[in-house]
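Novice:
Protein chains in written order, with the working numbering: chain H, -16 to 405; chain G, 143 to 172.
#1: Quick check on residue 242/H - is its C-beta less than 7 Å from some C-beta in chain G?
#2: Determine contact between the stretch -6 to 8 of chain H and the stretch 350 to 369 of chain H, defined as no fewer than three beta-carbon pairs at a distance below 8 Å.
#3: Could you name the residues of the same chain whose beta carbon sits closer than 6 Å to that of residue 201/H, not counting the 5 residues immediately before and after it, in chain order?
#4: Looking at the structure shown, is residue 234/H part of a helix, part of a strand, or coil, going by DSSP?
#5: Can you tell me where the beta strand (DSSP E) holding residue 217/H begins and where it ends?
#6: Taking DSSP as the reference, what is the three-state secondary structure of residue -1/H?
#7: Is residue 178/H buried or exposed, if buried means 16 or more other CB atoms sit within 10 Å of its CB?
#8: Among the candidates 259/H, 400/H, 282/H and 343/H, whose CA atom is the shortest distance from the CA of residue 17/H?
#9: Excluding the 5 residues flanking residue 334/H on each side, which residues of the same chain have their C-beta closer than 7 Å to its C-beta?
#10: Out of 115/H, 109/H, 113/H and 114/H, which has the shortest C-alpha to C-alpha gap to residue 121/H?
#11: What residue range does the beta strand (DSSP E) around residue 178/H cover?
#12: Could you list which residues in chain G have their beta carbon closer than 9 Å to that of residue 400/H, in chain order?
#13: Do you know whose CA, among 374/H, 219/H and 346/H, lies nearest residue 31/H's CA?
#14: For a contact meaning CB atoms closer than 7 Å, what does residue 106/H contact in chain G?
#15: Can you name the residues that DSSP bridges to residue 311/H?
#16: Are residue 156/H and residue 152/G closer than 7 Å when you measure CB to CB?
#17: Anyone know if the C-beta pair for residue 9/H and residue 256/H falls short of 7 Å?
#18: Based on the DSSP output, what are the partners of residue 378/H in its beta bridges?
#19: Below 7 Å between beta carbons: does that hold for residue 154/H and residue 94/H?
#20: Look up residue 114/H in the DSSP assignment and say whether it is helix, strand or coil.
#21: Where does residue 343/H fall in DSSP's three states?
#22: Does the stretch 22 to 30 of chain H come into contact with the stretch 263 to 275 of chain H, if we say contact requires no fewer than three beta-carbon pairs (one atom in each stretch) closer than 8 Å?
#23: Taking the alpha-carbon positions, what's the residue 317/H to residue 173/H distance?
#24: Return the residues of the stretch 296 to 319 of chain H that lie within a Cβ-Cβ distance of less than 8 Å from chain G, sorted by chain order.
#25: Mind listing, in chain order, the continuous beta strand (DSSP E) runs of no fewer than 3 residues lying wholly within the stretch 115 to 159 of chain H?
#26: Counting along the chain, where does the beta strand (DSSP E) carrying residue -13/H start and finish?
#27: When you compare the CB of residue 197/H with every CB in chain G, is at least one pair closer than 7 Å?
#28: Measure the C-alpha to C-alpha separation of residue 6/H and residue 247/H and round it to an integer number of angstroms.
#29: Could you pull out every residue in the same chain whose Cβ sits closer than 8 Å to the Cβ of residue 104/H, ignoring the five residues on either side in sequence?
#30: Look up residue 271/H in the DSSP assignment and say whether it is helix, strand or coil.
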């Protein structure tokens, strides 16, 4: 019995789908000085969750998630190929090594935070994204098109702290690494453009503005994109907070205050909030660190080295080269974890063996291991752990193992890449 | 590449230390 409890989670089946419970706020985000509440863009806690910005269904979320993953693979593939070429040729400038156009797709399993922009400040809800760098918001007068957003669109002419950036400035030149596109000029003003893998885009003026995280954490002269032409599946949010590693990202621009340290906790339900906290104050003493992987050198992604996976307390037999040849990264905007085929196959087999008592259900989209839990009050699922380099063992929460479309179709929340080298 | 996605990150405290070149994890972060 003790062994079973150690190796399995017992969860209420009714908890697998979103409820309409009242919102419970994160105590850490409420108490910590440099901390913001993190919430599902369309959960109970979000003021965006109504009207025509309705939450996309879960099949649509999975479809958009694959587009984001495809664009990451394309970006890394180009970077790797360029790096290989450069080994045999004259070293080129860093900007030339970067992909010309593609960013990542926004996806739709998005988490948002609210920040203040301008003077007087306007509160805007932004997707927070560790997989991209440029922070931007839609701006009036929207010279081409703006998509529908819940909050009023930011109007720079109403802010006393807004300044356009000259196209001769160094920061305009930094756009190529932050967005994949060089800055351009319009009446001496720097114009940025960022296009995402699903053809969503934002184009507008690169600007400096006051950004207010909290009443005690205010940044004058923060560089951001004031988007005058924006299209895509942004689901009613006002823009994006770029948390990647590029020099224009939020962590880099605020490095003197926070030393490029930030942390977050993603809530397990739409009726609770988590936190996004900048700086190292208040970090849990139980945090275990793994080194950033060299697989993402030359990019602004955060690379990880996965070295093993366990299911129900048993380490899976996966050759170490399966992980090392492909590498890994961590991303706040990708919904479903992708694994090399051999690793996914081992995970799937072990999971199926532990779940053999439950009836199976049809596969859906990228998820191929599903169960019909109709009629069950609770379900026992095997615990899943990831081992990262440096001996960092991370046991996933019960909510991080399954992805429920409906009670009759609850799936293992992992997917396979198309080949072991992608 | 493999990608560690946000379903699997739920309730973990995930720490990014850009200057120290490391990423950290702790359970029960929310």
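We treat Cβ as the ideally placed atom computed from N, Cα and C, and that holds for glycine.
Specialist: With the structure as the only source:
#1: Closer than 7 Å to the CB of residue 242/H there is at least one CB belonging to chain G.
#2: Three or more beta-carbon pairs separated by less than 8 Å link the stretch -6 to 8 of chain H to the stretch 350 to 369 of chain H, which places the two stretches in contact.
#3: So the list reads 195, once near-sequence residues are dropped.
#4: In the structure shown, residue 234/H falls within a helical segment according to DSSP collapsed to helix, strand and coil.
#5: No beta strand (DSSP E) holds residue 217/H; DSSP gives it neither H nor E.
#6: Of the three classes helix, strand and coil, the one that applies to residue -1/H here is helix, per DSSP.
#7: When all chains shown are included, residue 178/H counts as buried.
#8: Distance check between residue 17/H and each of 259/H, 400/H, 282/H and 343/H places 259/H closest, using alpha-carbon atoms only.
#9: Short of 7 Å from the beta carbon of residue 334/H, and not among the five residues preceding or following it, lie these beta carbons of its own chain, in chain order: 294, 352, 365 and 395.
#10: For the residues 115/H, 109/H, 113/H and 114/H, the minimum Cα distance to residue 121/H belongs to 109/H.
#11: For residue 178/H, the uninterrupted beta strand (DSSP E) segment begins and ends at 172 to 178.
#12: For residue 400/H, the chain G residues whose Cβ falls inside 9 Å of its Cβ are 143, 144 and 145, in order along the chain.
#13: Nearest of 374/H, 219/H and 346/H to residue 31/H, Cα basis: 219/H.
#14: Those do not exist, as residue 106/H stays about 23 Å from chain G at its closest Cβ, beyond 7 Å.
#15: Listed as beta-bridge partners of residue 311/H by DSSP are 287/H and 144/G.
#16: Taking a C-beta distance under 7 Å as the contact criterion, residue 156/H and residue 152/G do not qualify as a contact pair.
#17: The criterion of a C-beta distance shorter than 7 Å is satisfied by residue 9/H and residue 256/H.
#18: Note: residue 378/H sits in a beta bridge opposite 368/H.
#19: Taking 7 Å as the Cβ cut-off, residue 154/H and residue 94/H do not qualify as a contacting pair.
#20: Coil, per DSSP.
#21: Three-state DSSP puts residue 343/H in a strand.
#22: No, the stretch 22 to 30 of chain H does not touch the stretch 263 to 275 of chain H.
#23: Near 30 Å, if we compare the C-alpha coordinates of residue 173/H and residue 317/H.
#24: Those would be 306, 309, 310, 311, 312, 313, 314, 315, 316, 317, 318 and 319, in chain order.
#25: Counting only runs of 3 or more residues that sit fully inside the stretch 115 to 159 of chain H, the beta strand (DSSP E) segments are 119 to 121, in chain order.
#26: Careful: residue -13/H lies outside any beta strand (DSSP E), inside the alpha helix (DSSP H) at -15 to -10.
#27: Judged by the 7 Å Cβ criterion, residue 197/H is not in contact with chain G.
#28: When only Cα atoms are considered, residue 6/H and residue 247/H end up about 18 Å apart.
#29: The answer, listed in chain order, is 193 and 195.
#30: In the structure shown, residue 271/H sits in a strand (DSSP, three-state: E or B).
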